[in-house]
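**Q** Would you mind keeping the following structure in view while I ask a few things?
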Amino acid sequence: MPHTVNAVVVTAQDAPATLEKIIIPDPGPGEALVDILTCGVCQTDQHYQKGLIGQNYPYLLGHEATGRVTAIGEGVTSISPGDKVILNWRAVCADCRACRKGQPQYCFNTHNATQKMTLTDGTPLEPALGIGAFAEKTLVAAGQCTLIEDTKEEHDAAIGLLGCGVMAGIGAAINTGEVARGESVAVIGCGGVGTAAIAGARLAGATTIIAVDLDPRKLDKARQLGATHTVEAGSTDPVEAIRELTGGFGADVVIDAVARPETYTQAFYARDLAGRVVLVGVPDPSWSVELPMIDIFGRGGALKSSWYGDCLPSRDFPMLVDLYRQNRLDLDAFVTERIRLDQVQEAFTTMNHGDVLRSVVEIG
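Residue numbers (full-length UniProt numbering): 1 to 364.
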């Protein structure tokens, strides 16, 4: 029978995110019904609100979530009711050209639930990143549920952030940037994703980790998560500062977690010859960057984009949860505040002011 639950919806471009009643069907073949426990407030959700991702309103927001499976549809064998899961937006299909090449981390045809959740008047909802987790329950494809060992309730808020932002940042360093022991890394932009990239660089064994931001508060948090040096970009040229801190050469890996034309240009020129630039921030679709082709050729190396930290959730989420349990990855440091489901719109404002790494909605 259908389930009526509270959820956060945005009905039109730039409309406020409001708490609404929605209808969720029982899971069909290949689907799972999940009780949401926690969900982080990510800038991607606000991108949906602003129309920067699509125009398929109304959107059911939220995607950085932990939950507990309550029901499964026909043919589902990977999870069972009662399992604790982190939701992911890369449920690999195993059949697209990336999967067939043995690169499921780039799956081009990830699965989502087939059935639609709706408003009470029957209007179909488009769930953010195929998840829609600012809700008491949500319906997803079973492959979007990454099974983890049961954790203490107080840890759920931190662990859920692996579902998007923290995984994107850590993966940008480890998977995409392929940071190696002893290398130097610079991260431009120290919000949630950038600070996670710093934590990832530390896990990978980088010995020089340079955090760049305009906000001294974010630089303080970056030091807590592993930065060895900080650069306040408002008073110092980031390119010159990064070069000075790396013997005049530039960093082996520079990660742009802001995704503006000016920060990408800084990343390009702040890397060493044959170094790697990784773009992990999500740019405005209207922006473009211009670089002299002779510089692209002459500097060598690689210019890479990081999709979801190039992660494979079934491989990476459990590993990072284990590191958290071993006190080798401080996920708690990313949780700035815990809020209610009806406070998401306020959390967007707090996020825009730079006051948090993550606000996390607690539901279950």
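Positions of the beta carbon are idealized from the N, C-alpha and C atoms, including for glycine. All values reported here derive from a predicted model rather than from experimental measurement.
Please classify GLY191 as buried or exposed, where buried requires at least 16 neighbouring CB atoms within 10 angstroms.
**A** It counts as buried.
**Q** Hey, would you say ALA227 sits closer than 9 Å to ALA241, going by beta carbons?
**A** The answer is no: Cβ separation not under 9 Å.
**Q** Going by DSSP in three states, LEU19 sits in which element: helix, strand or coil?
**A** DSSP places LEU19 in strand when its eight states are reduced to three.
**Q** What residue range is occupied by the uninterrupted beta strand (DSSP E) comprising CYS190?
**A** CYS190 -> no beta strand (DSSP E), and no H or E assigned at all.
**Q** Just checking my contact of ILE148 with TYR324 at CB under 8 Å: how many whole Å lie between their CB atoms?
**A** About 10 Å; that fails the 8 Å criterion.
**Q** Tell me which residue opens and which closes the alpha helix (DSSP H) that ILE72 is part of.
**A** Where ILE72 is concerned, there is no enclosing alpha helix (DSSP H), although the beta strand (DSSP E) it sits in stretches over 64-72.
**Q** Please classify TYR264: does DSSP put it in a helix, a strand, or coil?
**A** Helix at TYR264.
**Q** Hey, could you find the ends of the alpha helix (DSSP H) CYS99 is sitting in?
**A** Unbroken alpha helix (DSSP H) run through CYS99: 97-100.
**Q** Looking at the unbroken alpha helix (DSSP H) that takes in LYS218, where does it start and where does it end?
**A** First-last of the alpha helix (DSSP H) with LYS218: 216-224.
**Q** Under three-state DSSP, which class holds ASP322?
**A** Note: ASP322 maps to helix in three-state DSSP.
**Q** How is HIS155 classed by DSSP in three states: helix, strand or coil?
**A** If DSSP states are grouped into helix, strand and coil, HIS155 belongs with the helices.
**Q** Closest Cβ-Cβ distance between ALA7 and chain D: below 9 Å?
**A** Among the protein chains of the structure shown there is no chain D, as only one such chain exists.
**Q** Near GLY171, which residues of its chain fall below 6 Å by C-beta distance, leaving aside the five closest residues on each side in sequence?
**A** Result list for GLY171: GLY309, ASP310 and CYS311, in chain order.
**Q** Would DSSP call VAL280 helix, strand or coil?
**A** Here VAL280 sits in coil by DSSP.
**Q** CB-CB under 7 Å to CYS99, same chain, minus the five flanking residues each way: which ones, in chain order?
**A** Taken in chain order, the residues that qualify are VAL92, CYS93 and CYS107.
**Q** Taking the C-alpha atoms as reference points, what is the distance between ALA259 and LEU52?
**A** Going from the Cα of ALA259 to the Cα of LEU52 covers about 14 Å.
**Q** Alpha carbon to alpha carbon, how far is THR66 from ASP272? Give it in angstroms, no decimals.
**A** Rounded to the nearest angstrom, the two C-alpha atoms are 39 Å apart.
**Q** Are the beta-carbon atoms belonging to TYR269 and LEU279 less than 9 Å from one another?
**A** Against a cut-off of 9 Å, the Cβ pair of LEU279 and TYR269 comes out as no contact.
**Q** Could you check where the beta strand (DSSP E) with HIS3 kicks off and where it finishes?
**A** 3-10 is the extent of the beta strand (DSSP E) around HIS3.
**Q** Whose C-beta lies closer than 8 Å to the C-beta of PRO2 among residues of the same chain, with five residues either side of it excluded?
**A** Excluding sequence neighbours, PRO2 sits near ILE23, ILE24, PRO25 and ASP26.
**Q** Could you pull out every residue in the same chain whose Cβ sits closer than 7 Å to the Cβ of VAL239, ignoring the five residues on either side in sequence?
**A** So the qualifying residues of the chain are GLN266, TYR269 and ALA270.
**Q** Inspect the CB distances between the segment 204-221 and the segment 354-361 and report whether three or more fall short of 8 Å.
**A** Because the criterion of three Cβ pairs below 8 Å is met, the segment 204-221 and the segment 354-361 touch.
**Q** Just verifying my parser: in three-state terms, what is the DSSP assignment at ILE170?
**A** It is helical.
**Q** Which residues mark the beginning and the end of the beta strand (DSSP E) in which residue 431 is found?
**A** Outside the displayed range of the chain (1 to 364) lies residue 431, so it cannot be described from this structure.
**Q** Report the rounded CA-to-CA distance for ASP150 versus ILE86, giving the unit in angstroms.
**A** One C-alpha to the other measures close to 11 Å.
**Q** Among the candidates ARG340, THR350 and THR349, whose CA atom is the shortest distance from the CA of VAL8?
**A** Comparing Cα positions, the closest option is ARG340.
**Q** With DSSP collapsed to three states, give me the class of LYS84.
**A** Strand at LYS84.
**Q** By DSSP's criteria, ARG271 is part of a beta bridge. Which residues make up the other side?
**A** Beta-bridge pairing links ARG271 to ALA251.
**Q** Thinking C-alpha only, which one of LYS84, GLN55, TRP287 and ALA180 is nearest THR38?
**A** Answer by Cα proximity: LYS84.
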